[in-house]
């Protein structure tokens with residue numbers, strides 16, 4: 001049976017090599033697509049790819065809002081003051097913000113790449129050779145996260161404004177695990193079992209994600225023997241600036257999920273989950289509120305949804321999806337800007353109407369909207385794999401090249417949005433940089449580990465054979481290039497910390513010099529990796 005599978009793979013490779021130079025008979029929806037010219041087909045498929053990226057950015061906003069509701073969920077703790085014998089109600093956050101950064105934020109922003117890699121593995125189930133889209137996209141996404149996103153975050157703060165990492169210990173833990181992820185990947189590809197992945201290697205890859213979570217939590221809580229002896233610099237009392245807080249002390253916290261405003265906003269406040277201790281207090285008799293920096297909404301207010309109210313909000317989501325102009329855009333005097341905005345909303349209208357089916361965020365603390373958003377992201381990822389296959393088939397471009405460039409950049413859009421918002425809204429650089437390093441770890445431990453675990457498990461049960469990596473040499477070369485360039489990136493960040501006192505911001509000239517340097521590192525990675533997998537070097 002194994003020999004039969006190998007024959008199928010070899011014949012598939014032969015067909016693939018032929019389609020690179022001959023006529024591609026595959027099509028997306030209609031069979032008459034094959035009668036179109038190759039240039040027109042490539043253009044149309046690239047347009048379809050770009051339109052999927054627009055849909056991905058549209059669902060990202062809903063995903064972030066649902067994630068915000070999940071993370072800010074609090075539980076009620078009742079205590080008795082021993083001095084006044086007064087009942088004290090304390091609302092304590094369920095989520096630790098370090099774990100939230102590594103799990104929900106990093107996992108969520110990397111979910112397009114993870115779902116694309118998993119779909120690619122499922123499509124190739126039964127083959128002894130792994131698909132190329134998943135690993136190529138995830139390694140390319142890691143480079144996009146580290147270089148272009150850092151480049152954007154450095155210049156986002158206002159001129160002269162400095163934002164540094166407050167908990168250097170947690171960042172070092174996340175950084176070490178991020179670097180180790182790519183060293184580990186190179187070891188299992190080239191050292192232990194060259195060009196093949198065994199079941200145990202895939203399983204160990206996935207389990208290391210749990211070790212990352214445990215180690216980061218231990219560092220955050222300063223567990224003895226498990227954490228670095230580094231003092232945490234004083235955190236600002238207001239993790240999010242006061243003008244950006246969701247609730248003010250003179251404005252009672254009753255969250256109103258206004259679908260229209262949320263949908264029209266281009267920036268979603270996903271970082272209001274962080275505060276100094278994650279607790280909200282108030283005394284029952286006097287109803288005096290001693291709010292934390294974020295004024296979290298109590299569980300009773302946030303968790304229970306009034307059904308008529310929810311249905312009204314859900315209905316409003318569809319009305320907003322069909323509305324091409326807001327009250328603000330109608331006041332726009334510039335006819336050209338108004339027309340451009342109208343055209344953009346018209347392009348996004350089908351996606352907005354589709355995503356209006358995502359339930360409102362105040363149901364089940366946002367979990368239902370969170371899960372539905374991930375399902376939509378998975379559907380878009382599947383369409384992306386189809387377009388990528390067609391582009392590769394028609395043009396003859398190596399799928400790895402498309403994965404390193406177009407797919408990696410497009411699917412990393414949520415990472416870019418998340419880190420940019422963090423660099424803009426937060427008073428420190430913790431979440432902006434943590435999202436980058438943690439996303440890179442998640443890309444390997446989960447994004448590559450889970451698909452390989454699925455494939456190796458099937459191959460072990462069905463054929464008693466490991467999973468073969470068709471272009472292991474090109475992938476290993478990309479890992480070496482990425483590791484070398486990433487060391488240069490980290491050195492620059494450390495140099496900025498030692499000289500300017502912060503990783504992000506600073507004098508505008510130096511910020512732009514750093515930005516350009518990071519972009520050059522990314523270009524070096526893309527060019528060298530593409531030349532290697534195309535057998536040019």
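In the UniProt record's numbering, the protein residues as written are 1 to 537. Backbone N, C-alpha and C define an ideal beta-carbon position, used for all residues, glycine too.
query: The segment 125 to 141 contacting the segment 59 to 72, beta-carbon criterion three pairs below 8 Å; result: no
query: Buried versus exposed, by CB contacts within 10 Å (16 or more), residue 518; result: buried
query: Top-ranked residue by Cα proximity to residue 88, from 95, 98 and 77; result: 77
query: Secondary structure, alpha helix (DSSP H): runs of 4+ residues fully inside the segment 384 to 431; result: 399 to 402, 408 to 411 and 413 to 425
query: Per DSSP, cross-strand counterpart(s) of residue 196; result: 468
query: Beta strand (DSSP E) segment containing residue 532, residue limits; result: Segment 508 to 533 is the alpha helix (DSSP H) holding residue 532; no beta strand (DSSP E) there.
query: Start-to-end residues for the beta strand (DSSP E) that takes in residue 90; result: 87 to 93
query: Residue 319 (DSSP reduced to helix, strand or coil); result: helix
query: Backbone CA spacing between residue 321 and residue 346 [nearest angstrom]; result: 10 Å
query: N-terminal and C-terminal residue of the beta strand (DSSP E) that residue 75 is part of; result: 74 to 80
query: Span of the alpha helix (DSSP H), counted from its first residue to its last, around residue 231; result: No alpha helix (DSSP H) holds residue 231; DSSP gives it neither H nor E.
query: Exposed unless 16 or more other CB atoms sit within 10 angstroms - verdict on residue 464; result: exposed
query: Buried or exposed (CB count within 10 angstroms, at least 16 for buried), residue 417; result: buried
query: Extent of the continuous alpha helix (DSSP H) run through residue 559; result: In the structure displayed, the chain extends from 1 to 537; residue 559 sits before or after that span and is not available.
query: Where residue 189 sits in the DSSP three-state scheme; result: helix
query: Residue 208 beta carbon less than 7 Å from that of residue 170; result: no
query: Other residues of its chain near residue 434: CB distance less than 7 Å, five sequence neighbours each side excluded; result: 101, 171 and 174
query: Segment contact flag, the segment 490 to 497 with the segment 118 to 129, C-beta cutoff 8 Å, min 3 pairs; result: no
query: Touching by the beta-carbon criterion (3+ pairs, under 8 Å), the segment 446 to 455 and the segment 113 to 123; result: yes
query: Inter-residue Cα distance where the pair is residue 475 and residue 223; result: 37 Å
query: Burial state of residue 75, where buried means 16 or more other Cβ atoms lie within 10 Å; result: exposed
query: Residue 24 versus 511, 396 and 408, residue with shortest Cα-Cα distance; result: 396
query: Pick from 491, 446 and 362 that is closest to residue 203, judged by C-alpha positions; result: 446
query: Sequence-distant residues of its chain with Cβ nearer than 7 Å to residue 488 (five each side left out); result: 521
query: For residue 449, three-class secondary structure by DSSP; result: helix
query: Length of the line joining the Cα atoms of residue 65 and residue 361; result: 7 Å
query: Residue 530 classed as buried or exposed, judged by whether at least 16 other C-beta atoms fall within 10 angstroms; result: buried
query: Through-space distance from residue 111 to residue 408, alpha-carbon basis; result: 12 Å
query: Contact under 7 Å by Cβ, residue 515 with residue 151; result: yes
query: Sequence-distant residues of its chain with Cβ nearer than 6 Å to residue 478 (five each side left out); result: 139 and 529
query: Touch test, the segment 179 to 198 against the segment 80 to 98, Cβ-Cβ under 8 Å, three pairs minimum; result: no
query: Secondary structure of residue 505, DSSP reduced to three states; result: strand
query: Neighbourhood of residue 257 by C-beta, 8 Å cutoff - its chain only, sequence neighbours within 5 removed; result: With a pLDDT of only 38 at residue 257, under 50, the local geometry of the prediction cannot be trusted, and the value read off the model is given with reservation. Excluding residues within five positions, the ones whose Cβ falls inside 8 Å are 313, 360, 361 and 362.
query: Helix, strand or coil at residue 203 [DSSP, three-state]; result: helix
query: Beta carbon of residue 428 nearer than 7 Å to that of residue 163; result: yes
query: Proximal residues to residue 177 (C-beta, below 6 Å), its chain only, five neighbours per side dropped; result: 212 and 441
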